[in-house]
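Residue numbers (numbering that gives the first Met the number 0), protein chains in the order written: chain A, 0 to 411; chain B, 0 to 411.
Built from N, CA and C at the ideal position, the CB exists for glycine as well.
Keep in mind the model is a prediction, meaning the values are calculated, not measured.
Note sheet for the following structure.
2 protein chains.
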Amino acid sequence: MALLVQKYGGTSVATPERIRHVARRVARWRRAGHDLVVVVSAMGDTTDELLALARQVSPDPRRRHPRELDMLLTAGERIAMALLAMAIREERVEAISLTGSQAAIITDEVHTGARIEEVRAARVREELARGRVVIVAGFQGVSRGREVTTLGRGGSDTTAVALAAALGAERCDIYTDVDGVYTADPRRVPGARRLVRIDYEEMLELATSGAKVVHPRAVEIGARYGVPIRVLSSFRDDEEGGTLIGTRAQGMEDMVLTGLASEPGHARLLVRGLPGGMRPTSAVLARLAAAGVSVDMLAQVDGADGRRALQLTVLEDVLPEARAVCEAAAAELGAEGVEVRPGLARVTLVGSGMHGRPGVFARAFEALMGAGVEVFAVSTSSISIALLVDGAQEDAALAALHAAFGLGEGAR
Amino acid sequence: MALLVQKYGGTSVATPERIRHVARRVARWRRAGHDLVVVVSAMGDTTDELLALARQVSPDPRRRHPRELDMLLTAGERIAMALLAMAIREERVEAISLTGSQAAIITDEVHTGARIEEVRAARVREELARGRVVIVAGFQGVSRGREVTTLGRGGSDTTAVALAAALGAERCDIYTDVDGVYTADPRRVPGARRLVRIDYEEMLELATSGAKVVHPRAVEIGARYGVPIRVLSSFRDDEEGGTLIGTRAQGMEDMVLTGLASEPGHARLLVRGLPGGMRPTSAVLARLAAAGVSVDMLAQVDGADGRRALQLTVLEDVLPEARAVCEAAAAELGAEGVEVRPGLARVTLVGSGMHGRPGVFARAFEALMGAGVEVFAVSTSSISIALLVDGAQEDAALAALHAAFGLGEGAR
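Following this line, the structure appears as structure tokens:
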């Protein structure tokens with residue numbers, strides 16, 4: 000008899016038949032006595048289809064008409080939530096759907112990428128008190144000026160966890176098309192194992208490093224407000240399984256690594272023979288920022304000649320701009336030249352157990368060397384190590400690391 | 000330099016290409032210096048497609064989940080209005096789309112068939128004052144309890160004329176797929192002629208008698224608030240043509256008839272040998288009302304034996320219920336029996352010039368007789384005559400009447 004927030008993604012409600020399936024699941028939870036708030040995404044490819052329509056009337060709707068694009072895209076969740084409410088009511092369970100505006104998901108004014116400022120949960124609480132399942136449109140909100148906004152990527156996950164926090168829900172269950180968080184992508188690493196639990200920080204590292212299971216914004220809110228998040232499959236009928244994202248249990252025996260994530264589409268730029276000192280490096284970074292280029296990893300090595308090699312990595316999307324900026328800066332600052340390596344993948348090792356443990360780097364490099372994988376750049380945080388490898392070797396790198404750290408063994 | 004309301008129906012915005020076409024038209028009007036409010040319907044078959052989705056999760060969404068159905072269907076206009084706003088902005092004309100709620104189209108609480116109670120035009124006026132074209136979603140409103148409602152059939156026409164009335168607009172232009180109101184349906188009567196103008200009452204008769212050009216609710220509001228309504232084609236590029244619906248010009252020489260409308264799907268019930276007096280007739284009518292049957296035409300003839308024949312016409316949709324009620328009543332009241340004639344069409348002659356003119360009935364019956372068309376029931380109002388004929392003879396009846404009253408001749 001708890002208050003739960005459940006979130007169903009686009010694939011879980013892609014067809015009327017799947018919507019009925021979700022409705023039966025929701026009805027089971029309701030009959031078991033739980034209070035339920037259900038956050039829903041647009042059906043299947045609806046958002047992409049709406050975006051395609053917009054592109055037929057404007058070459059760049061996101062930049063040129065962000066307010067109208069938000070108005071357009073929010074139709075997607077509206078359709079899904081109304082259908083889900085009907086389907087739940089057909090199960091003889093009282094239900095009502097609320098838009099982001101009706102549920103008072105208050106955001107800033109930034110169309111197509113708004114951030115939630117506040118959730119005024121009065122209306123949701125009132126409907127819950129009337130015994131209804133409350134269905135809330137994911138991904139959308141309303142600004143203080145009463146304009147309709149959307150939250151951008153990962154918006155529905157964010158809506159769900161923010162609502163769970165505002166309502167003091169016992170848990171936020173994210174239903175998706177996979178049955179939990181794995182030690183590595185099971186489609187890439189055959190021995191990958193589902194994690195029974197993971198802490199917020201590790202999940203955040205995995206999510207920002209390419210694991211697409213839950214959006215990092217949602218994990219951040221969960222961490223800040225202490226909302227337990229469970230990731231599980233809407234395609235399985237048992238309620239077992241899944242992965243619980245929460246605070247680390249005291250005294251738990253940590254493995255060195257928790258999991259691996261990876262992401263293609265990275266590139267490395269190496270500016271050689273830059274004059275030493277802070278100023279030239281700083282100049283290069285300032286120009287990249289002015290050109291709107293976001294730098295992922297950064298490293299610098301001073302040579303014996305007092306000259307410095309500056310290594311940057313960026314997403315391949317912005318490589319042309321990044322290259323142009325670096326080449327102009329190199330010429331102006333008297334550097335030797337710029338070397339570019341596209342086609343790289345970033346493989347990230349995540350585990351709060353790695354901090355302060357000796358030999359993690361050694362084990363990783365040894366494993367990669369054994370698999371014939373070269374490392375083009377390295378970056379670390381307290382609970383992660385990111386490595387850039389050749390894109391064609393992404394799977395080989397994952398397999399080698401997964402085996403080397405024993406991720407496929409034992410339960411957690 | 001006037002304030003105009005324009006309404007574009009579903010076929011006018013069925014594709015992104017047509018939306019761009021409408022945008023160019025709106026931009027032309029705006030550049031000519033007019034203030035514009037544009038009311039838009041859902042694209043093409045969107046509403047039917049959404050309804051089909053609803054029927055896949057519920058056998059009868061309209062009756063079982065009216066609130067959720069409204070939530071669902073309003074997604075249709077939201078999509079169309081956002082796309083139209085983008086397309087107009089692409090023409091370098093400032094535009095903003097508003098939902099029924101944002102435009103403060105205040106309705107009663109009756110989901111799927113709400114009636115407009117008030118239009119609080121402050122937001123629309125504010126956006127107009129900022130030099131923007133204001134696009135408003137047709138067909139939708141918001142109740143005082145802030146629930147999303149839809150207006151039912153003809154809703155977008157109604158939104159447009161109600162907005163024009165609230166704003167004191169100079170005119171409401173209804174853009175549709177035909178270029179005006181005709182003396183008869185031109186697909187049925189080859190000699191049918193477009194009317195240059197028609198008065199509200201005549202238009203109301205035509206619209207309630209099967210002419211689908213403008214919805215009667217919109218005409219009623221236009222008449223009440225004196226809003227001139229112009230019906231014209233969105234597929235023609237000249238702004239000439241169309242039909243102006245307004246108050247009769249003084250001293251205008253009226254033709255006897257203005258136009259014809261027709262509608263299939265009617266049936267006649269004849270209760271024979273009912274006891275005389277008010278009570279038995281009244282009893283039959285009360286039972287029909289209790290069964291939810293709406294009676295269209297009613298006539299009674301008392302026989303020499305003091306018994307009465309009661310003739311009723313109903314839509315064929317409700318014929319089974321009507322028949323059952325009449326048969327039960329006939330048995331109970333000691334009538335001779337009930338005779339049923341399905342498959343009839345109602346042909347209506349409309350013209351405010353017919354009132355007080357002798358010979359209109361005679362001319363109509365003579366024309367029909369000449370064409371071999373039998374009349375099964377007649378009903379009149381001050382400006383119309385409705386005749387029930389065999390459904391198979393609907394076109395023949397229209398052609399004969401159109402010729403007999405000279406509707407194809409001269410201009411008006």
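Original post:
Is threonine 46 of chain A helix, strand or coil when you go by DSSP?
Top reply: Numbered from its first residue, the first sequence carries residue 46 of chain A at position 47. DSSP places threonine 46 of chain A in helix when its eight states are reduced to three.
Original post:
Is the CB of leucine 150 of chain A under 8 Å away from at least one CB in chain B?
Top reply: Here residue 150 of chain A corresponds to residue number 151 of the first sequence, with the count starting at 1. With 8 Å as the cut-off, leucine 150 of chain A does not count as an interface residue toward chain B.
Original post:
With respect to the beta strand (DSSP E) encompassing alanine 94 of chain A, which residues constitute its N-terminal and C-terminal limits?
Top reply: Here residue 94 of chain A refers to the residue found at position 95 when the first sequence is read from its first residue. Per DSSP, alanine 94 of chain A belongs to the beta strand (DSSP E) from 94 to 97.
Subject >> Beta-carbon proximity of methionine 70 of chain A to valine 147 of chain A, cut-off 8 Å >> reply: As a position in the first sequence, residue 70 of chain A is number 71, starting the count at 1. As a position in the first sequence, residue 147 of chain A is number 148, starting the count at 1. It is a contact, given that the beta carbons lie within the stated cut-off.
Subject >> Member of B/Val212, B/Val21, B/Glu239 and B/Thr73 whose CA lies at the smallest distance from the CA of threonine 448 of chain B >> reply: This structure leaves residue 448 of chain B out entirely; chain B is present only between 0 and 411.
**OP:** State buried or exposed for threonine 14 of chain A, treating a residue as buried only when at least 16 other CB atoms are found within 10 Å of its CB.
**Re:** Mapped onto the first sequence, residue 14 of chain A falls at position 15. Threonine 14 of chain A comes out exposed.
Original post:
Between the Cα of tryptophan 28 of chain A and the Cα atoms of A/Asp304, A/Asp172 and A/Arg216, which residue gives the shortest distance?
Top reply: Here residue 28 of chain A corresponds to residue number 29 of the first sequence, with the count starting at 1. The shortest Cα separation from tryptophan 28 of chain A among A/Asp304, A/Asp172 and A/Arg216 belongs to A/Asp172.
Original post:
When DSSP builds the beta bridges, which residues end up paired with serine 383 of chain A?
Top reply: Within the first sequence, residue 383 of chain A is the residue found at index 384, counting from 1. A/Val349 and A/Ser380.
Original post:
serine 381 of chain A and aspartate 198 of chain A: beta carbons closer than 8 Å?
Top reply: One-based indexing of the first sequence puts residue 381 of chain A at position 382. One-based indexing of the first sequence puts residue 198 of chain A at position 199. Contact flag unset, no.
Original post:
Which of the three DSSP states, helix, strand or coil, is assigned to arginine 19 of chain A?
Top reply: Here the question's residue 19 of chain A lines up with position 20 in the first sequence. Arginine 19 of chain A falls in the helix class under three-state DSSP.
**OP:** Give the single residue among A/Asp59, A/Thr10 and A/Leu35 whose Cα lies nearest to the Cα of aspartate 44 of chain A.
**Re:** Along the first sequence, read from residue 1 onward, the residue named residue 44 of chain A stands at position 45. Nearest of A/Asp59, A/Thr10 and A/Leu35 to aspartate 44 of chain A, Cα basis: A/Thr10.
**OP:** Using a cut-off of 7 Å between C-beta atoms, extract the partners of glutamine 55 of chain B located in chain A.
**Re:** Within the second sequence, residue 55 of chain B is the residue found at index 56, counting from 1. In chain order: Pro15.
**OP:** Answer yes if the segment 125 to 133 of chain B comes into contact with the segment 174 to 188 of chain B, meaning at least three C-beta pairs across the two stretches below 8 Å, and no otherwise.
**Re:** no
Original post:
Whose Cβ in chain B lies nearer than 7 Å to the Cβ of isoleucine 18 of chain A?
Top reply: Here residue 18 of chain A refers to the residue found at position 19 of the first sequence. Simply Val56.
Original post:
Could you give the residue range of the beta strand (DSSP E) that holds serine 142 of chain B?
Top reply: The sequence position of residue 142 of chain B within the second sequence is 143, counting from 1. Per DSSP, serine 142 of chain B belongs to the beta strand (DSSP E) from 139 to 142.
Subject >> C-beta contact flag for valine 300 of chain A and alanine 321 of chain A at 8 Å >> reply: Your numbering for residue 300 of chain A matches position 301 in the first sequence. Your numbering for residue 321 of chain A matches position 322 in the first sequence. Their beta carbons are not under 8 Å apart, which means valine 300 of chain A does not touch alanine 321 of chain A by this criterion.
Original post:
Considering only C-alpha positions, which residue in the set A/Ala102, A/Leu386 and A/Thr106 is nearest to methionine 296 of chain A?
Top reply: On the first sequence, position 297 is the one that residue 296 of chain A refers to. Minimum Cα distance to methionine 296 of chain A is reached at A/Leu386.
Original post:
So what does DSSP say about phenylalanine 364 of chain A, is it helix, strand or coil?
Top reply: Here residue 364 of chain A is taken as the residue at index 365 of the first sequence, counted from 1. The answer is helix: DSSP assigns phenylalanine 364 of chain A an H, G or I state.
**OP:** Say whether chain A places a C-beta atom closer than 8 Å to the C-beta of histidine 64 of chain B.
**Re:** The count along the second sequence starts at 1 and reaches residue 64 of chain B at position 65. Yes, its Cβ sits closer than 8 Å to a Cβ of chain A.
Original post:
Would you say glutamate 89 of chain B reaches chain A, if we count a Cβ-Cβ gap shorter than 8 Å as a contact?
Top reply: The residue given as residue 89 of chain B occupies position 90 in the second sequence. Yes, contact with chain A.
Original post:
Is the beta carbon of valine 123 of chain B sitting closer than 8 Å to the one on valine 38 of chain B?
Top reply: The residue you call residue 123 of chain B lines up with position 124 of the second sequence. The residue you call residue 38 of chain B lines up with position 39 of the second sequence. Against a cut-off of 8 Å, the Cβ pair of valine 38 of chain B and valine 123 of chain B comes out as no contact.
Subject >> Residue-chain proximity (glutamate 67 of chain B, chain A), Cβ-Cβ < 8 Å >> reply: Here residue 67 of chain B is taken as the residue at index 68 of the second sequence, counted from 1. Yes, because at least one Cβ of chain A sits closer than 8 Å to the Cβ of glutamate 67 of chain B.
Original post:
Closest to leucine 309 of chain A by CA distance: which of A/Met368, A/Gly333, A/Gly272 and A/Gly32 is it?
Top reply: For the purposes of this step, residue 309 of chain A is identified with residue 310 of the first sequence, where counting begins at 1. That would be A/Gly272, whose Cα lies nearest to the Cα of leucine 309 of chain A.
**OP:** Using 10 angstroms around the beta-carbon of tyrosine 174 of chain A, count the other beta-carbons present and answer buried if the total reaches 16, otherwise exposed.
**Re:** Here residue 174 of chain A is taken as the residue at index 175 of the first sequence, counted from 1. Buried is the call here.
Original post:
Are any of the Cβ atoms in chain B nearer than 8 Å to that of threonine 10 of chain A?
Top reply: Sequence index remark: in the first sequence, residue 10 of chain A carries index 11 (1-based). So, not an interface residue.
Original post:
Name the chain A residues that come within less than 8 Å of serine 96 of chain B, Cβ to Cβ?
Top reply: Within the second sequence, residue 96 of chain B is the residue found at index 97, counting from 1. The answer, in chain order, is Glu67 and Met70.
Original post:
Under 8 Å Cβ-Cβ, which residues of chain A neighbour leucine 35 of chain B?
Top reply: Working through the second sequence from its first residue, we reach residue 35 of chain B at position 36. None at all; the shortest Cβ gap to chain A is about 16 Å.
Subject >> Cut-off 7 Å between Cβ atoms - residues of its own chain near alanine 1 of chain A, not counting five sequence neighbours on either side >> reply: Counted from its first residue, the first sequence places residue 1 of chain A at position 2. Cβ within range, chain order: His33 and Glu169.
**OP:** Count the other C-beta atoms from every protein chain shown that fall within 10 angstroms of the C-beta of glutamate 117 of chain A, then say buried if there are 16 or more, exposed otherwise.
**Re:** Within the first sequence, residue 117 of chain A is the residue found at index 118, counting from 1. Glutamate 117 of chain A is exposed by the Cβ-count criterion.
Original post:
Exposed or buried, glycine 85 of chain B, counting other C-beta atoms within 10 Å across all chains shown (16 or more means buried)?
Top reply: Translated into positions along the second sequence, residue 85 of chain B becomes position 86. According to the sequence as given, residue 85 of chain B is methionine; it is not glycine. Classification of methionine 85 of chain B: buried, given that the 10 Å Cβ count is 16 or more.
**OP:** Please confirm whether isoleucine 115 of chain A and isoleucine 104 of chain A have their CB atoms less than 8 Å apart.
**Re:** Taking the first sequence and counting its residues from 1, one reaches residue 115 of chain A at position 116. Taking the first sequence and counting its residues from 1, one reaches residue 104 of chain A at position 105. Yes, they are a contact pair.
Original post:
Mind pulling the alpha helix (DSSP H) runs of 4 or more residues that sit fully within the segment 201 to 251 of chain B?
Top reply: 215 to 224
Original post:
Are the beta-carbon atoms belonging to arginine 345 of chain B and glutamate 262 of chain B less than 8 Å from one another?
Top reply: Within the second sequence, the letter at position 346 stands for residue 345 of chain B. Within the second sequence, the letter at position 263 stands for residue 262 of chain B. Yes, they are a contact pair.
**OP:** Could you tell me the distance, in whole angstroms, from the CA atom of alanine 121 of chain B to the CA atom of alanine 191 of chain A?
**Re:** In the second sequence, counting from the first residue as 1, residue 121 of chain B sits at position 122. In the first sequence, counting from the first residue as 1, residue 191 of chain A sits at position 192. Cα to Cα, the separation comes out at about 60 Å.
Original post:
For the alpha helix (DSSP H) that serine 281 of chain B lies in, which residues bound it at each end?
Top reply: The sequence position of residue 281 of chain B within the second sequence is 282, counting from 1. From DSSP, the alpha helix (DSSP H) with serine 281 of chain B extends over 277 to 289.
Subject >> Cβ-based burial, aspartate 75 of chain B [other Cβ within 10 Å; buried from 16] >> reply: Your numbering for residue 75 of chain B matches position 76 in the second sequence. Inspection of the sequence shows that residue 75 of chain B is occupied by glycine rather than by aspartate. Burial call: buried.
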